[in-house]
Amino acid sequence: MKIAFHGAARTVTGSKHLLTLKNGKKILFDCGMFQGLGDKTDELNSQFGFDAKSVDFLLLSHAHIDHSGLIPKLVKEGFNGKIFCTPATKDLTEILLEDSAQIQRDDTKFINKKRAKQGLPAYEPLYDLENAKDVIPLMQTVEYDQWVSFCDNEAQVMFTDAGHIIGSASVHLKVKDDGKETVFTFSGDVGRYNDVILRSPETFLQSDYIIIESTYGNSLHEKIANPGDVLHDWIIKTCVNKKGKLVIPSFSVGRTQELLYFLNQMFNEGRLPKVPVYVDSPLSYEATQVVKSHPENFNKTIKKLLETDNDPFDFPGLNFTKSVDESKAINDNPQPMVIISASGMADAGRIKHHIANNIGDQKNTILMVGFCEPHSLGGRLMNGAKEVRIYGETFNVIAEVGSMRSMSAHGDYDDLCQFLACQNPALVKTLFIVHGEEAVQLDFQQRLLKKNFKDVIVPHLHEEFNLT
Ligand SMILES: [Zn+2]
Ligand SMILES: [Zn+2]
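Going left to right, the sequence shown walks through residues 53 to 520 as the numbering used here numbers them.
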């Protein structure tokens with residue numbers, strides 16, 4: 053058997069790990085897109101490093117684009133096998149891939165206008181909406197904690213909850229080769245223990261080979277004050293005391309539902325001021341619908357809450373806006389309000405308009421609630437920029453800028469160690485470290501060797517290993 057790492061190798065994005073069995077069958081773990089790597093990004097996404105037609109099965113850990121974003125390209129280039137994933141991952145992947153196709157269409161239109169002026173040939177997007185839709189019929193859902201046979205009964209797959217986003221899983225694979233069974237575990241993205249909505253990552257069976265993510269492989273998350281209380285303070289300060297608008301850039305999947313959950317809690321406790329809350333992002337609306345439709349994946353606290361509150365993400369005063377006209381109407385309304393919109397780093401989407409419209413007035417607040425790349429608009433605001441450029445125009449930062457160190461969707465070093473604690477290191481033949489910055493990975497490698505894992509490897513892009 054052989055395993056090759058065609059993405060998330062010494063970098064975070066582009067998750068793609070290809071296992072070749074002795075009989076030649078090929079099983080791919082994830083088919084993610086490379087993101088945010090500057091000029092290199094397009095080139096990395098243009099070539100898989102393997103023939104799409106040669107892949108027999110795809111095992112998908114979760115819906116995030118850095119794990120699913122190139123499936124339409126894989127299908128476009130001839131992959132026609134089954135894609136195994138959990139039911140919530142299927143629902144979420146469907147909306148995220150359509151969104152990704154639309155973003156590419158809009159971006160290419162913009163780029164090609166420029167290229168045409170320079171007499172350059174037009175760019176082709178990686179895939180279109182039709183290619184994204186072609187993925188869905190190939191998806192076969194598998195509930196958590198159940199072994200399912202495939203590949204002519206030569207392999208079995210099981211998903212366990214990874215606690216990262218709704219539907220997210222660690223993928224376990226049993227393969228029979230010459231009568232001998234080998235167990236693989238691919239961690240997917242590992243969440244935190246004790247999330248507000250999701251369950252904690254599950255333990256899993258002893259594995260021969262483990263592929264583990266390492267986003268926070270050498271650091272610990274800061275302990276933070278109750279985010280619900282921090283959010284409440286900002287609403288009182290901005291909307292009640294100053295009669296301003298509280299503008300919150302937020303990721304559509306995960307963070308937005310967490311904010312709605314906190315706001316709903318405030319309402320239940322009778323301390324949510326009477327100010328309207330607008331979620332202004334069609335994708336955030338759809339993602340919230342997907343989360344709501346999978347209560348089986350909630351943790352015990354939310355399941356208990358469901359006995360008395362039939363919708364923990366909805367409360368009086370909450371509005372979802374879909375059309376551009378509705379979005380513009382929010383801007384024309386001078387009343388105090390809370391606006392939650394995507395993207396989380398404020399470098400794309402409707403949130404840019406809201407920031408542009410509200411940044412010039414001291415009574416408003418822009419509240420950052422998640423991680424932002426330092427060069428993104430959100431990152432520059434968080435770092436105290438006095439002026440920022442939005443749509444080619446310069447704006448003075450007069451509004452207050454706040455940050456609520458919210459919880460990451462990724463576990464930290466301690467969480468990753470807890471995830472691995474169910475394993476006897478002496479029985480793990482090799483541990484492969486993926487999905488992290490190179491320096492973090494090399495540090496994590498040393499830490500794992502000290503924890504008695506014998507063979508810990510940080511693969512390079514397209515590097516292949518023989519497994520005995
Ligand atoms: Zn993820
Ligand atoms: Zn990821």
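Just so you know, even glycine gets a beta-carbon here, dropped at the ideal spot from N, CA and C.
Bear in mind the structure is a predicted one, so any value in this text is a computation, not a measurement.
A direct Cα-to-Cα measurement between arginine 499 and isoleucine 79 gives close to 30 Å.
By the neighbour-count criterion, in which 16 or more other beta carbons inside 10 Å mark a residue as buried, isoleucine 147 falls on the buried side. Residue pairing by DSSP puts lysine 228 in a beta bridge opposite Glu233. Between isoleucine 217 and isoleucine 300, the gap from beta carbon to beta carbon reaches 9 Å or more. For isoleucine 163, the closest C-alpha among the options His58, His69 and Ala174 is that of Ala174. By the neighbour-count criterion, in which 16 or more other beta carbons inside 10 Å mark a residue as buried, glycine 430 falls on the buried side. Assignment of phenylalanine 471 by DSSP, reduced to helix, strand and coil, places it in the helix class. Three or more Cβ pairs drawn from the segment 79-91 and the segment 118-135 lie within less than 8 Å of each other, which places the two stretches in contact.
Annotated as distal: proline 325 and isoleucine 382, with beta-carbon spacing of 9 Å or more. Taking C-beta separations shorter than 7 Å and ignoring five residues to either side along the sequence, the partners of phenylalanine 505 in its chain run Pro477, Val480 and Leu483, following chain order. Within the segment 397-464, the complete alpha helix (DSSP H) segments at least 4 residues long are 403-410 and 429-434, listed from N- to C-terminus. In the DSSP annotation of this structure, the continuous segment of the beta strand (DSSP E) that includes histidine 69 starts and ends at 69-72.
With distances taken between CA atoms, glutamine 414 lies nearest to Asn448 out of Asn448, Lys404 and Gln154. Unbroken beta strand (DSSP E) runs of no fewer than 3 residues, entirely contained in the segment 284-320, are found at 297-301, following chain order. Here lysine 78 is bridged, per DSSP, to Thr72.
Straight across, the Cα-Cα distance linking leucine 272 with alanine 491 is about 16 Å.
Here the alpha carbons of glycine 88 and aspartate 118 stand approximately 10 Å from one another. In this structure, the C-beta of serine 455 stays at least 8 Å away from each heavy atom of ligand 2. Going by DSSP, leucine 122 is part of no beta strand (DSSP E) at all; its letter is neither H nor E. Taken through DSSP and simplified to helix, strand or coil, leucine 178 comes out as coil. Here the C-alpha atom of glutamine 192 lies approximately 18 Å from the C-alpha atom of serine 345. For the 9 Å CB-CB criterion, histidine 514 and histidine 58 form a contact. For serine 201, the uninterrupted beta strand (DSSP E) run begins and ends at 200-202, by DSSP. Relative to the non-hydrogen atoms of ligand 2, the Cβ of threonine 138 never comes closer than 8 Å to any of them.
Three or more beta-carbon pairs separated by less than 8 Å link the segment 459-467 to the segment 235-246, which places the two stretches in contact. Each residue's CA atom was taken as its position, placing threonine 93 and histidine 114 some 21 Å apart. Among the bridge pairs identified by DSSP, phenylalanine 496 is matched with none.
Per DSSP, lysine 134 is one residue of the beta strand (DSSP E) stretching across 134-137.
Asparagine 385 and alanine 398 have their C-alpha atoms some 21 Å from each other. Distance between valine 235 and isoleucine 262, taken at the CA atoms: about 9 Å. Taking C-beta atoms as the reference points, asparagine 371 and valine 329 count as a pair closer than 9 Å.
If you ignore the 5 residues before and after cysteine 424, its C-beta comes within less than 7 Å of the C-beta of Met397, Gly430, Gly431 and Met434, all in its own chain and listed in chain order. Glutamate 129 is positioned such that its CB atom lies closer than 9 Å to that of alanine 104. Inclusion of valine 64 in the 8 Å shell around ligand 2 follows from its C-beta lying nearer than that to a non-hydrogen atom of the ligand.
Under the three-state reduction of DSSP output, tyrosine 337 falls in the helix class. Partner residues in the beta bridge of alanine 221, as assigned by DSSP, are Asp213.
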